[in-house]
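Undergrad: Below: one structure in structure tokens.
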Amino acid sequence: MSLTAVAAADRFVDLAGLLESCEVGGFRADFVSWGHYRPEYWRNYWHSHSFHEVCLAYSGEGRFNSGTTEYQIGPGDVFLARPGDVHEIESSRSAPLGIAFWGFTFRSVSGASGAGWWSGLTRPDGPVVSTALGGLPAVIAALAAEAAAPRSGYESSLDAFGAALVLDTARAFALEDDLSVEPIVRDRGPVVVEAMQRHLLDNLARPVTVREVAAAVHLSERHAERLFRSVTGASLMSTLWRMRLELAAQLLLDHTLTVTQVARACGYSDVRPFSTAFRRHYGKTPSAHRRTGGTEFLVRRS
Numbered sequence: 001m002s003l004t005a006v007a008a009a010d011r012f013v014d015l016a017g018l019l020e021s022c023e024v025g026g027f028r029a030d031f032v033s034w035g036h037y038r039p040e041y042w043r044n045y046w047h048s049h050s051f052h053e054v055c056l057a058y059s060g061e062g063r064f065n066s067g068t069t070e071y072q073i074g075p076g077d078v079f080l081a082r083p084g085d086v087h088e089i090e091s092s093r094s095a096p097l098g099i100a101f102w103g104f105t106f107r108s109v110s111g112a113s114g115a116g117w118w119s120g121l122t123r124p125d126g127p128v129v130s131t132a133l134g135g136l137p138a139v140i141a142a143l144a145a146e147a148a149a150p151r152s153g154y155e156s157s158l159d160a161f162g163a164a165l166v167l168d169t170a171r172a173f174a175l176e177d178d179l180s181v182e183p184i185v186r187d188r189g190p191v192v193v194e195a196m197q198r199h200l201l202d203n204l205a206r207p208v209t210v211r212e213v214a215a216a217v218h219l220s221e222r223h224a225e226r227l228f229r230s231v232t233g234a235s236l237m238s239t240l241w242r243m244r245l246e247l248a249a250q251l252l253l254d255h256t257l258t259v260t261q262v263a264r265a266c267g268y269s270d271v272r273p274f275s276t277a278f279r280r281h282y283g284k285t286p287s288a289h290r291r292t293g294g295t296e297f298l299v300r301r302s
């Protein structure tokens with residue numbers, strides 16, 4: 001998402017009264033200001049706040065004075081005044097500065113300590129100017145769009161975007177050491193196998209092939225079958241067969257369904273192969289299973 005989207009996000013100011021607070025990662029943010037300045041000459045004289053004030057420049061030039069240090073600001077710079085920081089902002093007259101800005105208080109509600117993404121806001125000696133925008137332009141544009149035309153569910157949407165705004169703001173000013181985490185080891189195998197199992201369950205009543213299941217998880221037939229067997233110890237088709245018969249055992253207890261209807265609901269077009277498979281698996285015919293209410297001891301056969 002480019003800075004052009006931030007330039008067009010003038011309805012960002014309409015968040016006042018719509019998004020008042022949010023929680024993220026054990027911290028609470030209470031929003032106190034929203035703003036969007038067009039690229040016209042302006043100046044905020046020396047002042048301080050009891051909250052964090054953040055500005056993102058989307059066009060033009062200017063200067064940001066924080067304490068005794070002066071920073072030259074341009075498009076793509078995000079700059080921060082922490083609570084108590086005495087600061088001043090002035091736009092260039094020849095190339096006026098356009099910004100979106102937001103202010104919020106920030107406190108722990110879970111007793112979080114140590115360093116993390118939040119250090120960008122809580123570390124008093126951290127940087128005050130950054131180009132690490134992350135998702136900020138996209139979040140600002142999304143918040144402005146939601147504020148411009150609230151629809152059903154806007155509260156949840158704004159909460160989520162508000163949390164993302166606070167998180168990306170803090171990350172922009174955090175040190176790299178604060179953001180580092182232990183390497184995450186990802187084993188996609190079980191997740192992919194779970195997706196294949198879900199595909200089988202969702203399609204018990206219709207013909208299913210290994211090719212179809214493999215395509216659903218974007219694998220070759222050989223790779224899908226090998227992965228499925230390595231995780232579950234069974235083949236795709238034997239698992240499909242078992243799932244269909246387990247479903248049949250449940251449906252047979254519904255006396256409003258005929259055995260034929262149960263067979264078709266479980267992917268069998270004819271009662272005879274269904275009855276043969278059911279008896280081979282459970283040691284009872286479908287009718288016997290229904291008569292006993294499914295309470296008999298079922299011996300599963302291979």
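Using full-length UniProt numbering, the letters of the sequence shown map in sequence onto residues 1 to 302. For each residue, glycine too, the CB sits at the ideal point set by N, CA and C.
Going by Cα to Cα distance, which pick from VAL78, HIS223, LEU121 and ALA132 is closest to GLU63?
TA: A small fix is needed here, since residue 63 is Arg in this sequence, not Glu. Comparing C-alpha distances from ARG63 to each of VAL78, HIS223, LEU121 and ALA132 shows the shortest one belongs to VAL78.
Undergrad: Under 8 Å, with one C-beta from each stretch per pair, do the segment 125-134 and the segment 171-189 reach the 3-pair mark?
TA: yes
Undergrad: Applying the criterion that 16 or more other CB atoms from any shown protein chain within 10 Å of the CB defines a buried residue, is ASP125 buried or exposed?
TA: exposed
Undergrad: CB-CB under 6 Å to HIS199, same chain, minus the five flanking residues each way: which ones, in chain order?
TA: VAL213 and ALA216
Undergrad: When the distance is taken between beta carbons, is LEU253 closer than 9 Å to GLY293?
TA: yes
Undergrad: Take the Cβ of TYR45 as the centre, count every other Cβ of all protein chains shown within 10 Å, and call the residue buried at 16 or more, exposed below.
TA: exposed
Undergrad: Could you tell me the alpha carbon to alpha carbon distance between VAL231 and LEU251, rounded to whole angstroms?
TA: 28 Å
Undergrad: One question on the structure: do ALA224 and VAL210 come within less than 9 Å of each other, judged by their Cβ atoms?
TA: yes
Undergrad: So, with DSSP's three-state summary, where would you put ALA100?
TA: strand
Undergrad: With a cut-off of 8 Å, do at least 3 Cβ pairs link the segment 104-120 to the segment 17-32?
TA: yes
Undergrad: Let me check understanding here. Comparing Cα to Cα, which of LEU80, HIS289, SER113 and VAL13 lies closest to HIS36?
TA: VAL13
Undergrad: Would you decide whether residue 312 is buried or exposed? Buried here means 16 or more other CB atoms lie within 10 Å of its CB.
TA: The displayed coordinates of the chain run from 1 to 302. Any statement about residue 312 would go beyond what the structure contains.
Undergrad: Roughly how many whole angstroms lie between the Cα atoms of VAL54 and VAL185?
TA: 35 Å
Undergrad: CA-CA distance, GLN261 and HIS289?
TA: Between GLN261 and HIS289, the C-alpha separation is close to 15 Å.
Undergrad: Look at the alpha carbon of GLY189 and the alpha carbon of LEU227, and state the distance between them as a whole number of angstroms.
TA: 7 Å
Undergrad: Can you tell me whether TYR37 is helix, strand or coil according to DSSP?
TA: strand
Undergrad: Within the chosen definition, does the segment 56-70 reach the segment 86-101 through at least 3 CB pairs nearer than 8 Å?
TA: Taking 8 Å as the limit for Cβ pairs, the verdict is that the segment 86-101 does touch the segment 56-70.
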